[in-house]
Amino acid sequence: MNGMSPIIQTVARFAKVFILLFGIYLTFTGHLSPGGGFAGGVVIACLYILLTLAYGKKSAFKYFPRKAASGLDSVGALIFLLVACLGLGFGGVFFANFLERNYPGASFSLLSAGTIPVNNIAICIKVASSLFLVFIIMAAARVIEKKDGTRDFKQDEEE
Amino acid sequence: MIQLLPLFIAIPLGGAFIITLTSRKRKRLADVLGVCAMLPLPVMALLTVGKQGVYNMGSFLPPIGINLVLDGFSVLLLVIVNVIGFLAVLYSISYMEQYTAKYKYYALFLLMVGGMNGVVLTGDMFNLFVFLEVASIASYALVAFGCEQEELEASFKYLVLGSIGSTLILLGIALLYGLTGNLNMAAIAAVTANMDKTWLFSFASVLFLAGFGIKAALVPFHPWLPDAHPSAPAPISAMLSGVLIKALGIYAVTRVVFNVLGATPQFGMIVMIMGALSMTVGVFLAVGQWDFKRLLAYHSISQMGYVVLGIGLGMFIIATNGPLVVAGTALLGGIFHLANHAVFKSLLFLCSGSVEYETGTRQLKELGGLQEKMPLTRATCTIASLSIAGVPPFNGFWSKLIIVIATVQAAYLYPGILILTAVTILVSFVTLVSFLKVLRYVFLGDLPAVLKSIKESPAFMGISLVALSVLCVCMGLLLIPGARSIFLDPAVDVLKQGLTYGKQILAGL
Amino acid sequence: MILPLCFALFVVGLYCVLTKRNVIKIVIGLTIMEYSVNLFLVLLGYKKQVIMSQVQAPIIEKITNLDDFFMKAVDPLPQALVLTSIVIGLGVTALAIAICIRLYQRYGTFDISEMRRLKG
Numbered sequence: 026m027n028g029m030s031p032i033i034q035t036v037a038r039f040a041k042v043f044i045l046l047f048g049i050y051l052t053f054t055g056h057l058s059p060g061g062g063f064a065g066g067v068v069i070a071c072l073y074i075l076l077t078l079a080y081g082k083k084s085a086f087k088y089f090p091r092k093a094a095s096g097l098d099s100v101g102a103l104i105f106l107l108v109a110c111l112g113l114g115f116g117g118v119f120f121a122n123f124l125e126r127n128y129p130g131a132s133f134s135l136l137s138a139g140t141i142p143v144n145n146i147a148i149c150i151k152v153a154s155s156l157f158l159v160f161i162i163m164a165a166a167r168v169i170e171k172k173d174g175t176r177d178f179k180q181d182e183e184e
Numbered sequence: 006m007i008q009l010l011p012l013f014i015a016i017p018l019g020g021a022f023i024i025t026l027t028s029r030k031r032k033r034l035a036d037v038l039g040v041c042a043m044l045p046l047p048v049m050a051l052l053t054v055g056k057q058g059v060y061n062m063g064s065f066l067p068p069i070g071i072n073l074v075l076d077g078f079s080v081l082l083l084v085i086v087n088v089i090g091f092l093a094v095l096y097s098i099s100y101m102e103q104y105t106a107k108y109k110y111y112a113l114f115l116l117m118v119g120g121m122n123g124v125v126l127t128g129d130m131f132n133l134f135v136f137l138e139v140a141s142i143a144s145y146a147l148v149a150f151g152c153e154q155e156e157l158e159a160s161f162k163y164l165v166l167g168s169i170g171s172t173l174i175l176l177g178i179a180l181l182y183g184l185t186g187n188l189n190m191a192a193i194a195a196v197t198a199n200m201d202k203t204w205l206f207s208f209a210s211v212l213f214l215a216g217f218g219i220k221a222a223l224v225p226f227h228p229w230l231p232d233a234h235p236s237a238p239a240p241i242s243a244m245l246s247g248v249l250i251k252a253l254g255i256y257a258v259t260r261v262v263f264n265v266l267g268a269t270p271q272f273g274m275i276v277m278i279m280g281a282l283s284m285t286v287g288v289f290l291a292v293g294q295w296d297f298k299r300l301l302a303y304h305s306i307s308q309m310g311y312v313v314l315g316i317g318l319g320m321f322i323i324a325t326n327g328p329l330v331v332a333g334t335a336l337l338g339g340i341f342h343l344a345n346h347a348v349f350k351s352l353l354f355l356c357s358g359s360v361e362y363e364t365g366t367r368q369l370k371e372l373g374g375l376q377e378k379m380p381l382t383r384a385t386c387t388i389a390s391l392s393i394a395g396v397p398p399f400n401g402f403w404s405k406l407i408i409v410i411a412t413v414q415a416a417y418l419y420p421g422i423l424i425l426t427a428v429t430i431l432v433s434f435v436t437l438v439s440f441l442k443v444l445r446y447v448f449l450g451d452l453p454a455v456l457k458s459i460k461e462s463p464a465f466m467g468i469s470l471v472a473l474s475v476l477c478v479c480m481g482l483l484l485i486p487g488a489r490s491i492f493l494d495p496a497v498d499v500l501k502q503g504l505t506y507g508k509q510i511l512a513g514l
Numbered sequence: 329m330i331l332p333l334c335f336a337l338f339v340v341g342l343y344c345v346l347t348k349r350n351v352i353k354i355v356i357g358l359t360i361m362e363y364s365v366n367l368f369l370v371l372l373g374y375k376k377q378v379i380m381s382q383v384q385a386p387i388i389e390k391i392t393n394l395d396d397f398f399m400k401a402v403d404p405l406p407q408a409l410v411l412t413s414i415v416i417g418l419g420v421t422a423l424a425i426a427i428c429i430r431l432y433q434r435y436g437t438f439d440i441s442e443m444r445r446l447k448g
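Residue numbers (the working numbering), protein chains in the order written: chain A, 26 to 184; chain B, 6 to 514; chain C, 329 to 448.
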């Protein structure tokens, strides 16, 4: 895909900082108001999809390469599992909220509720990279017609 | 030991993501990590035998928190899932060399095993649904692993039908939450025991039966199974047919109906009729097949009918306040046949994979005379065929005998059940006929000219075949009264206690 | 009144899965079915015995009267369940569309009555 008209490119260039900030805001205040890891991750994935549609594949891969997306996917899930196992180690029970017991914060402030913000961040990373990877694998491939008449897919990201 | 319960779910999930992160280019590392992630699981499962307990995640007490419950029935399923999963991973070290992207296979396999462990261990209804979906989605992707024409078509059919089943289960859970107000299985059982059951409650029960029936491939809901199980790679066929339809289908519906909803006579009658229909439809469609794995898939439907018949008979007798001894015999037959079928059906699918790995074909008419080239495969396949047909002293004979005895005992109360006895024995004969056909066409006869240069299967595949056939021979010994009170009697007792079992869990077991 | 309408939406999705021949339309029918169950689950949390203008969201801002708040606030548990269920539906839809793309590559068509190689 090649990108779109200069109007869309200009608006995307102005809006991308605000969209990223909004996604991070939704993730960080997930334990206080509606939102959380899933919603924040979806917003950040939509940001990169907007950049891919507006500027074309190659510029979007400069921001978020495919290998990085695949690696961040697994890292997000492993951070979540690590926090759960640390609960087993420090708190005695799997998934125990060990940060809340040792360092309780004031009610309704940003640093309260122990391990829940950490889990939200891990889920945000995983959902954002997964959705971006799903979009880019399905949409950044072209059907080419080979010489014997059969159709085939070619993923041409190194072009 | 109760402290190690969450590791059954955490180790496969962690292994799956570590494999995705590190072994994209290095194939040997994927093999090593896959086996290392699966190795502690059967060891831990065998250590849980004879114990029971409740583990509260995050130290939140029920009914607010999610808890993991270990009792007799969970122990049996846990041992089956993890032992057969480990042997399938050993088998697939050699078998999956013919496919590319082997690390993705190990990651999806570990996700499927983690999901199944979660379904067996959990004590919360919505958590059951989440782990059911994790295992199901991993199996949809694994059925389509080869990306040929037929595999994709089979996977699409499986996906659509499986998703409809999951949606029906979620609708049932939503209705149950609306009627009772909490999601923990023990808490719902405490409410259901004294609730007057409106038509909404019966509607939720029927939704559960339909949804779990689609996952277990009982007869009105079976059309995905004869397409999905042959198209998957052989170790995945063994896992799907040997473990997945039991853990996601039969275990879940038994747990929900006996311990959460409460058994009623109409339910028991419907389940028995579905079992009898599955037995006959499965075996008569299986006799005429000429594709090795498609024949085995139809026999899976038939043997699941045996299990469901035993469990349904037990449900019917408990619900009509009949003699508990007869109900115990029926449930013992059904659950023992579940364990036996897991062992000999996975052995049959692994043998067919071994034949396909060497000769490249699954059609019975193109094979023949393999007994001189592949003696180990022939010996293990003969043991498995005699087990499934119910020939003494292999393990299939004992469980089918107990089911027949249970139907004859129940016929003293309701003489119409004698029809089921006749159907059971007839289906057993037809099973023997079709497996004699398989043995004759695959192993006896003349070797075709194109197959003159084949060898025996590689070492890893042979180890799994030998281990499963040893289990086939020895599992009849589980009925000796000393061994029976370790494995099988606790499972039957959990089901016989029915709704009062929930009170024990809330009190902490 | 609105809860039986969710069942009607479920039946609409089931009709779409049963009668359409394009593979993509079958996947759309599957997602309609899943969304109808999610809608049903969210609507279960509503407190019917409170007057409609006084029902509030389960977010504590200025704690004045806690018992009054608990009586008027919507049940938050179905909202958490639906969040998980939406993500599960997303995963199934992504896998289904990936299989449809590969089906088009192998069979050359999206019509499901042409894909009948497995019979008997």
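Idealized CB from N, CA, C, for every residue including glycine. Please read these numbers as outputs of a predicted model, since none were measured by experiment.
Limits of the unbroken beta strand (DSSP E) element including residue i
i: B/GLY20; result: Per DSSP, B/GLY20 belongs to no beta strand (DSSP E); it is in the alpha helix (DSSP H), 12-27.
i: B/ASN61; result: 58-61
i: C/LEU409; result: Note, C/LEU409: premise wrong, no beta strand (DSSP E); alpha helix (DSSP H) at 405-435.
i: B/LEU75; result: 72-75
Span of the alpha helix (DSSP H), counted from its first residue to its last, around residue i
i: B/TYR110; result: 107-126
i: A/TYR80; result: 62-80
i: C/LEU358; result: 351-371
i: B/CYS5; result: Residue coverage of chain B in this structure runs from 6 to 514, which leaves residue 5 of chain B outside it and unanswerable.
i: B/ASN132; result: 130-148
i: A/GLU125; result: 123-127
i: B/TRP204; result: 204-221
Check whether residue i and residue j have beta carbons under 7 Å apart
i: B/PHE213; j: B/VAL261; result: yes
i: C/VAL345; j: C/CYS428; result: no
i: B/ALA159; j: B/SER236; result: yes
i: B/VAL447; j: B/GLY77; result: no
i: B/LEU343; j: B/VAL312; result: yes
i: B/LEU504; j: B/TYR96; result: no
i: B/ALA112; j: B/ILE241; result: no
Environment of residue i [buried if 16+ CB atoms lie within 10 Å]
i: B/MET200; result: exposed
i: C/GLN377; result: exposed
i: A/ARG176; result: With a pLDDT of 49 at A/ARG176, under the threshold of 50, the modelled position of that residue is not reliable, and the figure given next carries that caveat. Answer is exposed; the Cβ neighbour count stays below 16.
i: B/GLY39; result: buried
i: A/ARG38; result: exposed
i: C/GLU362; result: buried
i: C/CYS334; result: buried
i: B/GLY487; result: exposed
i: B/ASN122; result: buried
Test: residue i CB closer than 7 Å to a CB of chain B
i: A/ALA102; result: yes
i: C/ARG445; result: yes
i: C/ILE427; result: yes
i: C/ARG434; result: yes
i: A/GLU182; result: Unreliable positioning characterises A/GLU182 in this predicted model, as indicated by a pLDDT of 46, which lies under 50. The coordinate reading is nonetheless provided below. So no, A/GLU182 is outside the interface.
i: C/LEU431; result: yes
Beta carbon proximity, residue i to chain A, threshold 7 Å
i: B/SER64; result: yes
i: C/ALA424; result: no
i: B/LEU372; result: no
i: B/PHE226; result: no
Min CB distance residue i to chain C below 7 Å
i: A/VAL118; result: no
i: B/GLU361; result: no
i: A/GLY174; result: Unreliable positioning characterises A/GLY174 in this predicted model, as indicated by a pLDDT of 48, which lies under 50. A coordinate reading is not provided.
i: B/THR185; result: no
i: B/LEU46; result: no
Problem - Against chain B: residues of the segment 364-383 of chain C by CB proximity under 9 Å - result: Interface annotation for the segment 364-383 of chain C against chain B: SER364, VAL365, ASN366, PHE368, LEU369, LEU372, criterion Cβ-Cβ distance under 9 Å.
Exercise for the section: Output, in sequence order along the chain, the residues in the segment 351-363 of chain C whose CB is closer than 9 Å to any CB in chain A. Expected result: The segment 351-363 of chain C vs chain A, Cβ under 9 Å: nothing.
Handout entry: Where the segment 54-83 of chain A meets chain C: residues whose CB sits under 7 Å from a CB there
Key = Within the segment 54-83 of chain A, SER58, PHE63 place their CB atoms closer than 7 Å to a CB of chain C, listed in sequence order.
Handout entry: Proximal residues, the segment 406-422 of chain C versus chain A, C-beta separation under 7 Å
Key = Within the segment 406-422 of chain C, the qualifying residues are LEU411, VAL415, ALA422.
Practice task
Please list the residues of the segment 181-212 of chain B that have a C-beta atom closer than 7 Å to any C-beta atom in chain C, keeping them in chain order.
Solution key: The residues in question are TYR182, GLY183.
Practice task
Pull out every residue of the segment 96-126 of chain B whose Cβ sits closer than 7 Å to any Cβ of chain A, in chain order.
Solution key: Cβ proximity to chain A below 7 Å picks out nothing from the segment 96-126 of chain B.
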